[in-house]
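Have a look at the structure below, then the notes.
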Amino acid sequence: VTDANTCQGAAIKALQVKSCTDLILTKTATDEVCEGATITYTLKVRNNAVVAATDIRVIDMLPSEVENPSETFTAGVYEWQIASLPAGEETEFTFTAKAKSGETSAENKAFIAYANGGMIENASYDATEQAVHKASAATTILPKATLEVTNATQIICEGDQITEIVITSNAPVTVDDLPDGLTFDET
C-alpha cells in the first residue's frame, strides 16, 4: 500500500470481516378449532443476509393445551435444525397437534437459539429481545358441539329425506358433528 501524500510505503493492517446473519422467524397456526381437532403449525425461517447461515436451531415450545404432536417433543420442546440456509432463501417446517378438551386457547411459541455455531442472545423465548428471532401463533379452541335434535314431526326410516329439522347446540356445528347415519344434502 502506498501513501498517496508521501509516496512512501504505509503499514498494512489486517482487516477481519465477519459475516453476520439476518434471520427472520415467522409462525402461523390454525386460527380456530373445536376440542380434539387438529391444529397445524408452520414455522418459516428466512435469511435476509448476503451470506449463507449455517447450523440454525429453532426451538419450538409445545403449549400445554395441545397433545399428540406429529413430531417428537422432549419435555414439551422440539429443536428444528437447519444445516444451511442460503442468502435470500426461506425454509419451512410444519407439524400438527390435537386441541385438548376443556381448553379455550393455545399459544405456540418458537425462537431461534443458534446460528453459525453461536448462540443468539439468550436461549429462551422470553429473554430473546429481537422480535425477528421469535414468533408465536395463537389458536382459539371451541367446545365440541353437543347436538339435540327436536321437532322431527314424522317417523324417520333409513333412506327417508327430512326437509326440516331443528338442531340446538352449545357450539358451532359442522357436517362432521351430525349423528351417525345422518347426512346433510344441500340440494
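Per our numbering, the sequence shown runs over residues 6 to 192.
Yeah, the Cβ is synthetic: ideal placement off N, Cα and C, and Gly gets one too.
The model shown is predicted, which means the values in this text are computed figures rather than measured ones.
Limits of the beta strand (DSSP E) - the one that LYS32 falls within: 28 to 34
At a cut of 8 Å, does the stretch 82 to 94 reach the stretch 50 to 67 through at least three beta carbon pairs? yes
Residues in the same chain with beta-carbon distance under 6 Å from ILE117, minus the five sequence neighbours each way, listed in chain order, please. Excluding sequence neighbours, ILE117 sits near LEU28, LEU30, VAL63, ILE125 and HIS138.
Roughly how far, in whole angstroms, is the beta-carbon of THR109 from the beta-carbon of VAL38, given that I think they are within contact range, below 8 Å? Wrong, their Cβ atoms sit about 11 Å apart, outside the cutoff.
Range of the contiguous beta strand (DSSP E) that encloses ASN121: That residue, ASN121, is in no beta strand (DSSP E); it is neither H nor E in DSSP.
What span of residues does the beta strand (DSSP E) with GLU70 cover, start to end? First-last for GLU70: undefined, no H or E at that position.
What does the Cβ neighbour count give for ASP65, buried or exposed, with the cut at 16 atoms within 10 Å? Classification for ASP65: buried.
Bounding residues of the beta strand (DSSP E) (the contiguous stretch that carries ALA42): Segment: none, ALA42 is in no beta strand (DSSP E) and carries neither H nor E.
When you compare each of SER141, GLY81 and GLU72 to ALA42 by their alpha carbons, which one comes out closest? GLU72
Contacting residues, own chain, Cβ-Cβ under 6 Å from TYR46 (five flanking each side not counted): ALA34, PHE100 and ASN113
Would VAL50 be called buried (16 or more neighbouring beta carbons within 10 Å of its own) or exposed? buried
So LYS105 and GLU70 are supposed to be a Cβ contact under 8 Å. How far apart are they, rounded? About 6 Å separates the beta carbons of LYS105 and GLU70, which is inside the 8 Å limit, making them a contact pair.
When the distance is taken between beta carbons, is LYS32 closer than 8 Å to ALA120? no
Figure out for me which residue from ASN52, ILE44 and ASP36 has the closest Cα to the Cα of GLU94. When only C-alpha atoms are compared, the closest one is ASN52.
Note down the Cα distance separating TRP85 from PRO74, rounded to an integer number of angstroms. 14 Å
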